[in-house]
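S.K.: I have a structure I would like to understand better, so I am pasting it below and will then ask my questions one at a time.
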Amino acid sequence: MNLVRYFLILVFGFILSGCGDSNSGTEPETVTFTINGTVQDANGAIAQATVSITNFSQLTATTTSSGNFMITNVPAGTHEVVVMKEYFGKFVEKHLTVLVNADVNLNTVTLSQPSSLSFVNTGLNRDYNLIQLT
């Protein structure tokens with residue numbers, strides 16, 4: 006009788022040891038998505054433009070010679086996307102929503118060039134001029 010009792014206690018102990026809130030050691034995988042598109046001006050593709058998701062400092066891409074970009078590892082949610090290139094305008098999308106199970110294609114983002122570029126002589130030293138963009 007004692008042997009049966011010890012056996013039942015042992016089996017019951019094994020069953021209880023499997024019941025609990027302990028994590029199995031693996032964390033759930035974070036699901037991320039991709040934002041892509043093309044950057045251009047009136048004359049065509051803009052290479053080396055910077056595309057950033059401003060609320061995530063590590064999420065940045067640079068456009069290719071064809072103006073294409075791809076930002077990976079973007080979590081679902083609402084983000085601000087900034088596209089810029091020196092001497093060009095700036096594009097800001099303040100409320101870009103990335104849905105679960107959906108990558109985002111911004112299609113074509115068009116930056117504008119300054120309407121004129123002129124040199125301003127400061128009169129202090131002829132070798133140093135300011136570039137004024139208007």
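At position 118 of the sequence shown the residue is numbered 123 (our numbering), and the sequence of numbers has no breaks. Using N, Cα and C, we set each Cβ at its ideal position, and we do this for glycine too.
From Ala47, Asn78, Phe61 and Glu91, pick the residue whose C-alpha is nearest to that of Asp108; which is it?
M.R.: Stepping through the sequence shown from its first residue, residue 108 is reached at position 103. Taking only the C-alpha atoms, the option nearest Asp108 is Asn78.
S.K.: Quick check on the DSSP output: the beta strand (DSSP E) that includes Phe38 runs from which residue to which?
M.R.: Working through the sequence shown from its first residue, we reach residue 38 at position 33. Its beta strand (DSSP E) spans residues Thr37 to Asp46.
S.K.: Could you tell me the distance, in whole angstroms, from the CA atom of Asn73 to the CA atom of Thr43?
M.R.: Here the question's residue 73 lines up with position 68 in the sequence shown. Here the question's residue 43 lines up with position 38 in the sequence shown. Taking the straight line joining both Cα atoms gives about 4 Å.
S.K.: Which class does Val105 belong to by DSSP, given the choice of helix, strand or coil?
M.R.: Residue 105 sits at position 100 when you count from the first residue of the sequence shown. The answer is coil: DSSP assigns Val105 none of H, G, I, E or B.
S.K.: For Ser117, is the classification buried or exposed, using 16 other Cβ atoms within 10 angstroms of its Cβ as the cut-off for buried?
M.R.: What you label residue 117 is simply residue 112 of the sequence shown in a count that begins at 1. Its Cβ having fewer than 16 others within 10 Å, Ser117 is exposed.
S.K.: Quick check: the Cα distance between Val97 and Ser62, rounded to an integer number of angstroms?
M.R.: Within the sequence shown, numbered from 1, the residue matching residue 97 stands at position 92. Within the sequence shown, numbered from 1, the residue matching residue 62 stands at position 57. Taking the straight line from one Cα to the other gives about 16 Å.
S.K.: Tell me the rounded alpha-carbon separation between Thr68 and Ala54.
M.R.: Counted from its first residue, the sequence shown places residue 68 at position 63. Counted from its first residue, the sequence shown places residue 54 at position 49. One C-alpha to the other measures close to 5 Å.
S.K.: Spatial neighbours of Leu104 within its chain, please: CB distance less than 7 Å, with the 5 preceding and 5 following residues excluded, ordered by chain position.
M.R.: Position 99 of the sequence shown, counted from the start, is the residue given in the question as residue 104. Here the set comprises Ala81.
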